[in-house]
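J.:
Residue numbers (my numbering): 15 to 512.
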């Protein structure tokens, strides 16, 4: 069973450790008690606010990130003279900056609180996207994409950590899966929006006419900026402060998580928590898995319009035909997340769904018929897009206490973001229209995801077995209650989810 048990009686500990399932101890802390029905009602109320809010914010984040691919085939490449490797540098600079701000951003989030910090990031990248409509050169576009990385770098790990502050371990993947599925939703909406916005007649001052690709950045950025400004009025700071719950429900929402972790959600991040995250073996499995998944997810998101355009299709047809694969990916990702949470398993789903992605890239690599190649893109999206939330949830599940979880989330995403940097160089103009190098790199990457998922299962089962045999009990020797609680995932009674 994944989770924690209560500390040993001989140690005299009153700390409760997490369980992956509901039990009587999950529904009481000290003298305050509640029923399973009450907890279910509270969780559903949380679902009606927390999940849609985080999903919508990440949808805007991914939309403003990936719209450069839509803008490219709507005239931006010609207007800004994006010849040779210039477009690759435009996309790469974003991920380079993005990668270096993730961990510091999550530490700031823990200090400032999500109510104001996350909406500030959203408003920030919305403003940068809006300003991108006015760039006049390759150098200006590079600067805009770098600034976009500054604001977007903290959004994904920040939202992931935000969700973990409201839910138990066995409730996480379905919720994270829905919010990360916004990436595929953004891909679907991005194609439709780009088609519509690019058709808006030219407007603006005579010295700065807004048209076609500039409309994409301007209107998507403006909408994001408005949403970011309004988000603080909807976003709660913590379970005990939810505006949509009554006083008793707030207490239930708060206390069910105390009994879950034995550590407060407001615990400050200390150097020891960073060390715990860095030396967690499962973090490396999830980070490298996320790395290889990102090569595909970010690469396809940026280059799918170009790949479809190079099949001989018009820009409008390429934009519209990019929608169906993303819709399928979204539905499959949510379905996998739901099944994974119900069965309390992660690795097996990650391993199984690499198979269609591997098949899809094999088709793109060696098949020439445009219709068959388009079918391969469906296999890629439904196989690769569920991997992001899967690895991220797996890492947070096995992180332990909240402060380690905050660092682990950002740490895994940071290492994974390096895959986004590599993805920007997988599809280069000289390889058009077949892009053999890009498809080969992604094919190999998906094979690595399969190996890592299996390795994660094997390691988690082995480590759980060692703890069942009492081979980690020595870690409790000579520790007081606070030190035992601070062990997190190293506690002998903690069980990894596999």
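A virtual CB, placed ideally from N, CA and C, is assigned to each residue, including glycine. These numbers were taken from a predicted model, which means no experiment stands behind them.
Span of the alpha helix (DSSP H) holding residue 103?
T.: 100-126 is the span of the alpha helix (DSSP H), which, as asked, contains residue 103.
J.: DSSP three-state call for residue 79: helix, strand or coil?
T.: DSSP places residue 79 in helix when its eight states are reduced to three.
J.: Leaving aside the five residues before and after residue 52 along the sequence, list all residues of the same chain whose C-beta is less than 7 Å from its C-beta, in chain order.
T.: Cβ within range, chain order: 266.
J.: If we ignore side chains and look at the alpha-carbon of each, how far apart do residue 206 and residue 138 end up?
T.: Approximately 24 Å between the Cα atoms of the pair.
J.: Return yes when the Cβ of residue 502 is within less than 8 Å of the Cβ of residue 415, no when it is not.
T.: Yes; because the gap between Cβ atoms is below 8 Å, this pair is in contact.
J.: Using a Cβ distance threshold of 8 Å, determine whether the segment 415-424 contacts the segment 81-92, with at least three qualifying pairs required.
T.: In short, these stretches do not touch, since the Cβ pair count stays below three.
J.: Restricting to runs no shorter than 4 residues, where is the alpha helix (DSSP H) found entirely within the segment 188-216?
T.: The qualifying runs are 196-211.
J.: Go through the segment 271-326 residue by residue and report every complete run of the alpha helix (DSSP H) that reaches 4 residues or more, in order.
T.: Those alpha helix (DSSP H) runs which fall completely within the segment 271-326 and span 4+ residues are 285-292 and 295-323.
J.: Per DSSP, residue 219 forms a beta bridge with which residues?
T.: Beta-bridge pairing links residue 219 to 222.
J.: Just mark residue 408 as buried or exposed, buried being the case when its beta carbon has 16 or more other beta carbons within 10 Å.
T.: Residue 408 should be labelled buried.
J.: Give the straight-line distance between the Cα atoms of residue 348 and residue 484, rounded to the nearest whole angstrom.
T.: Answer to the nearest angstrom: the Cα atoms are 38 Å apart.
J.: Can you list, in chain order, the residues of its chain whose CB lies under 6 Å from that of residue 187, leaving out five sequence neighbours each side?
T.: Cβ within range, chain order: 351, 354, 355 and 407.
J.: Determine whether the Cβ of residue 308 lies closer than 8 Å to any Cβ atom of chain D.
T.: The structure shown contains no chain D; it is built from a single protein chain.
J.: Pairing CB atoms from the segment 118-135 with CB atoms from the segment 78-89, are three or more of them under 8 Å?
T.: Counting Cβ pairs under 8 Å, fewer than three are found: no touch.
J.: Could you tell me whether the segment 494-509 touches the segment 387-399, using the rule of 3 or more Cβ pairs below 8 Å?
T.: Counting Cβ pairs under 8 Å, fewer than three are found: no touch.
J.: CA-CA distance, residue 430 and residue 55?
T.: Spanning the two alpha carbons is a distance of roughly 36 Å.
J.: Taking Cβ to Cβ, would you say residue 291 is nearer than 8 Å to residue 179?
T.: No, these two residues do not count as a Cβ contact at 8 Å.
J.: Mind checking which residues open and close the alpha helix (DSSP H) that includes residue 170?
T.: Its alpha helix (DSSP H) spans residues 169-178.
J.: Label residue 228 either buried or exposed according to how many other C-beta atoms from any shown protein chain fall within 10 Å of its C-beta, with 16 as the threshold for buried.
T.: With 16 or more Cβ atoms within 10 Å of its Cβ, residue 228 is classed as buried.
J.: In terms of residues, what are the limits of the alpha helix (DSSP H) holding residue 501?
T.: Per DSSP, residue 501 belongs to no alpha helix (DSSP H) and is neither H nor E.
J.: Where does the unbroken alpha helix (DSSP H) through residue 453 begin, and where does it stop?
T.: That run of the alpha helix (DSSP H) goes 450-482.
J.: Is the Cβ-Cβ distance between residue 402 and residue 463 less than 8 Å?
T.: Not a contact, by the Cβ cut-off of 8 Å.
J.: Taking Cβ positions, are residue 208 and residue 230 nearer each other than 8 Å?
T.: Contact flag set, yes.
J.: Taking 8 Å as the limit between beta carbons, can you name the residues of its chain near residue 23, skipping five residues before and five after?
T.: A caution first: residue 23 carries a pLDDT of 32, below 50, which makes its placement in the model unreliable, though a value can still be read off. So no residue of the chain qualifies.
J.: Please return the same chain residues whose Cβ sits closer than 6 Å to the Cβ of residue 313, not counting the five positions on each side in sequence.
T.: Contacts found: 437 and 440.
J.: Reducing DSSP to helix, strand and coil, say where residue 256 ends up.
T.: Residue 256: coil per DSSP, three-state reduction.
J.: What does the Cβ neighbour count give for residue 163, buried or exposed, with the cut at 16 atoms within 10 Å?
T.: By the neighbour-count rule (16 or more Cβ atoms within 10 Å), residue 163 is buried.
J.: Below 8 Å between beta carbons: does that hold for residue 238 and residue 136?
T.: Closer than 8 Å, so yes.
J.: Work out the CA separation of residue 181 and residue 486 for me, nearest whole Å.
T.: About 28 Å.
J.: Can you name, in chain order, every residue of its own chain whose Cβ lies under 8 Å from the Cβ of residue 388, other than the five neighbours on each side?
T.: These residues qualify, in order along the chain: 322, 325 and 335.
J.: What three-state label does DSSP hand residue 68 in the structure shown?
T.: Residue state, collapsed to three classes: helix.
J.: Residue 145 to residue 212, Cα distance in whole Å?
T.: Taking the straight line from one Cα to the other gives about 17 Å.
J.: In chain order, what residues of the same chain have a beta carbon less than 6 Å from the beta carbon of residue 284, not counting five sequence neighbours either side?
T.: There are no such residues.
J.: Could you tell me if residue 221 is buried or exposed, where buried requires 16 or more neighbouring beta carbons within 10 angstroms of its beta carbon?
T.: Exposed is the call here.
J.: Compare the C-alpha of residue 202 against each of 490, 84 and 381 and name the closest.
T.: The option with the nearest alpha carbon to residue 202 is 84.
J.: Among residues of its own chain, excluding the 5 on either side of residue 516, which ones have a beta-carbon nearer than 7 Å to its beta-carbon?
T.: Shown here, the chain extends from 15 to 512; a query on residue 516 therefore has no answer.
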